[in-house]
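Peer 1:
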Amino acid sequence: MTKACADQELLLGGLVDGELDAANTAMTEAHVLRCEGCREELERLHAVRSLIRGEGVRHQAPQALRSRISALPELNLKPANQNRVAGWLGPGLAGALAASLAIAVLPNGSQSVVEQQLVSSHVRSLQPGHLTDVQTTNQHIVKPWFNGRIDFAPPVPELASVGYPLAGGRLDSIDGKTVAAIVYHRRLHVVNLYVWPGDKGAARSFQKDGFAIEEWSRGGLRYSAVSDIPVADLKNFQKQFIAAAG
Amino acid sequence: MAATGNPAPGGDHALQFRQLVLPHLDGAYNLARYLMRDPTLAEDVVQDAVLRAYRAFDQFRGGSPRAWLFMIVRNCASTALSGQRGSLALVVHESSLDEESVRQLNEHPDGAANPEDSAIQADEALLVRSAIEAIPEPFREAVVLRDLEDLSYAEIAEVTGVPIGTVMSRLARGRAMLAKELLPAARHAEQTRSAK
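Here you go:
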């Protein structure tokens, strides 16, 4: 076995992790082409990485711990708050004020947190190495990849012919739920399509922090597409996706 | 740009906490489990960390709630570990990386292993788990944060409080140890087989 160059060790790791900038990526890739030792080292790194990322290596929080934490009294102030709001406002104050407060504090609060999480997740996914866990343009790889990782099966149509090539998929977490994120490209832009079980809520279209978001429900699944492409473009994506997903 | 996800001032504190922080319970447990190398201690650490995080939620200034929670998990784990350093030194010694001890660890397959084809996969996962547990800190946490939790170098630097260059060299060393444990095994076996 040929030895890798000592000065390339960190760069090879950065390359595998997608953490190098364009110049270093090009430089390291060029070096790997010339140097057999580093080529072997790169293969080893990829091999180790895929072993570590294999199924069953990451631990999941036991259900008992999950329930114990959800039941912690500190984290369960919600019912108490509702009572307090009702208790304070119910008898004395105008019903209209109570209603507007309740709307501002309760459902909107949670909805805007979800919206915020969608945008944060989208932004995070744009950082190097974060976009996809399974990176492929082949829908027949992305769809089975989700099997066993989530307990629902999102449709994964290929939309390259209408200008939205499939880039891959990953798991993400929105509002405490594990959701499927299917990644499409639109020219140089990224569309993250989050899918989770639930058909609550009508279709809606809005913008947050400069990102366009399209939400809709279909077949027991809730969809939320987030991107920095123009609203009309994202609406078209939604139309094409629904048409192709059936 | 990264400073999204600020808890709104005066919003429903507990509700926001549940929504921002609790989704990362699996990650917190996974990190604690690899830091503590014990399922019960890991649960204690996570519960402790969630409580501490809740009490400090006012000071959360946005950014990644996950990295923030991991930082607290890591602090709780190190407190828990320093309380039992005596027994710990017996388990984690840098020199305990020798192949013998890892092999011994690996020779305790799960009694309830699935007899079907998933057994091979489960065995492989067990092997990888014990190999990760066998590498010393701080290399172990770097590998766990990067390869299992998918944190960026910058986030790992934030969580572990070291510069990115240090993160890179820890990752390189940690992965080299894992490669030594996990990869040559298969190759050696092949070589011996073909040599016979």
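Protein chains in written order, with my numbering: chain A, 1 to 246; chain B, 1 to 196. The beta carbon of each residue, even a glycine, is placed where N, CA and C say it ideally should be.
1. For a cutoff of 7 Å on Cβ pairs, would you count B:L223 as touching chain A?
2. Interface residues of chain B around A:N76 at Cβ under 8 Å?
3. Are there 16 or more other CB atoms within 10 angstroms of the CB of B:D58, so buried, or fewer, so exposed?
4. Give, in chain order, every residue of the stretch 204-234 of chain A whose Cβ lies closer than 8 Å to some Cβ of chain B.
5. Which bits of chain A does B:F17 rub up against, with CB to CB less than 8 Å?
6. Kindly indicate which three-state DSSP category A:H46 falls into: helix, strand or coil?
7. Does the Cβ of A:S50 have 16 or more other Cβ atoms within 10 Å, making it buried, or fewer, making it exposed?
8. Give me the chain A residues within the contact set of B:A147, using Cβ-Cβ distance strictly less than 7 Å, ordered along the chain.
9. Determine the closest residue to B:G27 out of B:L69, B:A53 and B:D38, with distance taken between C-alpha atoms.
10. Within its chain, find whatever has a CB closer than 8 Å to the CB of B:A157; leave out the 5 residues flanking it on each side and keep chain order.
11. In chain order, what residues of the stretch 38-49 of chain B put their CB closer than 8 Å to some CB of chain A?
12. Helix, strand or coil, according to DSSP, for A:A86 in the structure here?
13. Looking at C-alpha atoms only, which residue of A:A4, A:H46, A:F241 and A:Q63 is the closest neighbour of A:S161?
14. Measure how close the beta-carbons of A:I182 and A:P154 come, nearest whole angstrom, since I'm counting them as under 8 Å.
15. If you draw a straight line from the alpha carbon of B:M36 to that of B:P23, how long is it in whole angstroms?
16. Applying the 10 Å Cβ sphere with the 16-neighbour rule, what's the burial state of A:P230?
17. Determine the DSSP secondary structure at B:R129, reduced to helix, strand or coil.
18. Beta-carbon of B:M71 versus every beta-carbon of chain A: anything under 7 Å?
19. Give the residues of chain B in contact with A:D175, contact being defined as C-beta atoms less than 8 Å apart.
20. Whole angstroms are fine: how far does the CA of B:V46 sit from the CA of B:V21?
21. Cα separation between A:L10 and B:G174?
22. Which chain D residues are close to A:E115, counting only those with a beta carbon under 7 Å from its beta carbon?
23. Give the range of the beta strand (DSSP E) segment to which A:L171 is assigned.
24. In terms of DSSP beta bridges, what is A:E267 paired with?
25. Among residues of its own chain, excluding the 5 on either side of B:N106, which ones have a beta-carbon nearer than 6 Å to its beta-carbon?
26. Three Cβ pairs or more, each shorter than 8 Å: is that satisfied between the stretch 113-124 of chain A and the stretch 195-212 of chain A?
27. Excluding the 5 residues flanking A:H31 on each side, which residues of the same chain have their C-beta closer than 7 Å to its C-beta?
28. Leaving out five residues on either side along the sequence, give the residues of the same chain with a beta carbon under 7 Å from the beta carbon of B:L171.
29. Only counting the same chain, and skipping five residues up and downstream in sequence, which positions put a Cβ closer than 6 Å to that of B:V159?
30. Write down the C-beta distance between A:R186 and A:D233 rounded to the nearest angstrom, noting that I regard them as a contact closer than 8 Å.
31. Use the C-beta contact count for B:R55: other C-beta atoms within 10 angstroms, 16 or more gives buried, fewer gives exposed.
32. What residue range is occupied by the uninterrupted beta strand (DSSP E) comprising A:L189?
33. Please report whether the beta-carbon of A:G13 lies at a distance below 7 Å from any beta-carbon of chain B.
34. What does A:L65 touch in chain B if you count any residue whose Cβ is under 8 Å from its own?
35. Under 7 Å between C-beta atoms, does A:P155 make it to chain B?
36. Between the alpha carbons of A:G14 and B:S152, how many angstroms are there, rounded?
Peer 2: Taking the geometry as given:
1. Because residue 223 of chain B is not part of the residues shown, which for chain B are 1 to 196, the question remains open.
2. Within the first sequence, numbered from 1, the residue matching residue 76 of chain A stands at position 76. Here the neighbours are A14.
3. Your numbering for residue 58 of chain B matches position 58 in the second sequence. B:D58 is exposed by the Cβ-count criterion.
4. Per Cβ criterion, the list reads D209.
5. Stepping through the second sequence from its first residue, residue 17 of chain B is reached at position 17. For B:F17, the residues of chain A that pass the 8 Å Cβ criterion are L75, in the order they occur in the chain.
6. Indexing the first sequence from 1 puts residue 46 of chain A at position 46. Helix, per DSSP.
7. One-based indexing of the first sequence puts residue 50 of chain A at position 50. Within a 10 Å sphere around the beta-carbon of A:S50 sit fewer than 16 other beta-carbons, which makes this residue exposed.
8. Numbered from its first residue, the second sequence carries residue 147 of chain B at position 147. For the sequence presented, residue 147 of chain B should be read as Asp rather than Ala. Going along chain A in sequence order, the residues near B:D147 (Cβ under 7 Å) are R49, I52 and R53.
9. For the purposes of this step, residue 27 of chain B is identified with residue 27 of the second sequence, where counting begins at 1. Minimum Cα distance to B:G27 is reached at B:L69.
10. The residue given as residue 157 of chain B occupies position 157 in the second sequence. Counting only Cβ-Cβ distances below 8 Å, and skipping sequence neighbours, we find P163, I164, T166 and V167.
11. Per Cβ criterion, the list reads P39, A42, E43, V46 and Q47.
12. Residue mapping note: residue 86 of chain A aligns to position 86 of the first sequence, counting from 1. For A:A86, the predicted structure reports a pLDDT of 40, less than 50, and the residue's modelled location is therefore unreliable. A value from the coordinates is still provided. In the displayed model, A:A86 falls within a helix according to three-state DSSP.
13. Counting from 1 along the first sequence, the entry for residue 161 of chain A is found at position 161. Ranking the options by Cα distance to A:S161, first place goes to A:F241.
14. Along the first sequence, one-based indexing puts residue 182 of chain A at 182. Along the first sequence, one-based indexing puts residue 154 of chain A at 154. Contact holds; Cβ gap of about 6 Å.
15. In the second sequence, counting from the first residue as 1, residue 36 of chain B sits at position 36. In the second sequence, counting from the first residue as 1, residue 23 of chain B sits at position 23. Approximately 21 Å between the Cα atoms of the pair.
16. Your numbering for residue 230 of chain A matches position 230 in the first sequence. The residue in question, A:P230, is exposed, as its Cβ has fewer than 16 Cβ neighbours within 10 Å.
17. Position 129 of the second sequence, counted from the first residue, corresponds to residue 129 of chain B. The answer is helix: DSSP assigns B:R129 an H, G or I state.
18. Here residue 71 of chain B corresponds to residue number 71 of the second sequence, with the count starting at 1. Residue contact check for B:M71 against chain A: no CB pair falls below 7 Å.
19. The residue labelled residue 175 of chain A in the question sits at position 175 within the first sequence. Ordered by position in chain B, the residues that pass the 8 Å Cβ test against A:D175 are Q19 and P23.
20. As a working mapping, residue 21 of chain B is identified with position 21 in the second sequence. As a working mapping, residue 46 of chain B is identified with position 46 in the second sequence. Distance from the CA of B:V21 to the CA of B:V46, rounded to the nearest whole angstrom, comes to 12 Å.
21. For the purposes of this step, residue 10 of chain A is taken as the residue at position 10 of the first sequence. For the purposes of this step, residue 174 of chain B is taken as the residue at position 174 of the second sequence. Spanning the alpha carbons of A:L10 and B:G174 requires a straight line of approximately 12 Å.
22. Among the chains of the structure shown, chain D does not appear; the protein chains present are A and B.
23. Taking the first sequence and counting its residues from 1, one reaches residue 171 of chain A at position 171. It spans L166 to I174 - the beta strand (DSSP E) in which A:L171 sits, taken as one unbroken run.
24. With chain A represented from 1 up to 246, any question about residue 267 of chain A goes unanswered, as that position is not in the structure.
25. Position 106 of the second sequence holds residue 106 of chain B. Low confidence applies here, because B:N106 scores a pLDDT of 46, under 50, leaving its location unreliable; read the following figure in that light. So the list reads L127 and S130, once near-sequence residues are dropped.
26. Cβ pair count under 8 Å is three or more, so yes.
27. Taking the first sequence and counting its residues from 1, one reaches residue 31 of chain A at position 31. Result list for A:H31: Q8 and C38, in chain order.
28. Reading the second sequence from its first residue, position 171 is the one you call residue 171 of chain B. Closer than 7 Å at Cβ, skipping near neighbours: A142, V143 and R146.
29. In the second sequence, residue 159 of chain B corresponds to position 159, counting from 1. Excluding positions up to five away in sequence, the list reads A67, F70 and M71.
30. On the first sequence, position 186 is the one that residue 186 of chain A refers to. On the first sequence, position 233 is the one that residue 233 of chain A refers to. The beta carbons of A:R186 and A:D233 sit about 6 Å from each other, so the pair counts as a contact at 8 Å.
31. Translated into the one-based positions of the second sequence, residue 55 of chain B becomes position 55. Per the 10 Å Cβ criterion, exposed.
32. For the purposes of this step, residue 189 of chain A is taken as the residue at position 189 of the first sequence. Here residue 189 of chain A turns out to be His, not Leu, going by the sequence shown. Here the beta strand (DSSP E) through A:H189 covers H189 to P197.
33. For the purposes of this step, residue 13 of chain A is taken as the residue at position 13 of the first sequence. Yes, A:G13 lies at the interface with chain B (some Cβ there is under 7 Å from its Cβ).
34. Along the first sequence, one-based indexing puts residue 65 of chain A at 65. Residues of chain B passing the Cβ test: L25, Y29, E43, V46 and Q47.
35. Sequence index remark: in the first sequence, residue 155 of chain A carries index 155 (1-based). No, because no Cβ of chain B sits closer than 7 Å to the Cβ of A:P155.
36. Against the first sequence, residue 14 of chain A aligns to sequence position 14. Against the second sequence, residue 152 of chain B aligns to sequence position 152. A:G14 and B:S152 have their C-alpha atoms roughly 11 Å apart.
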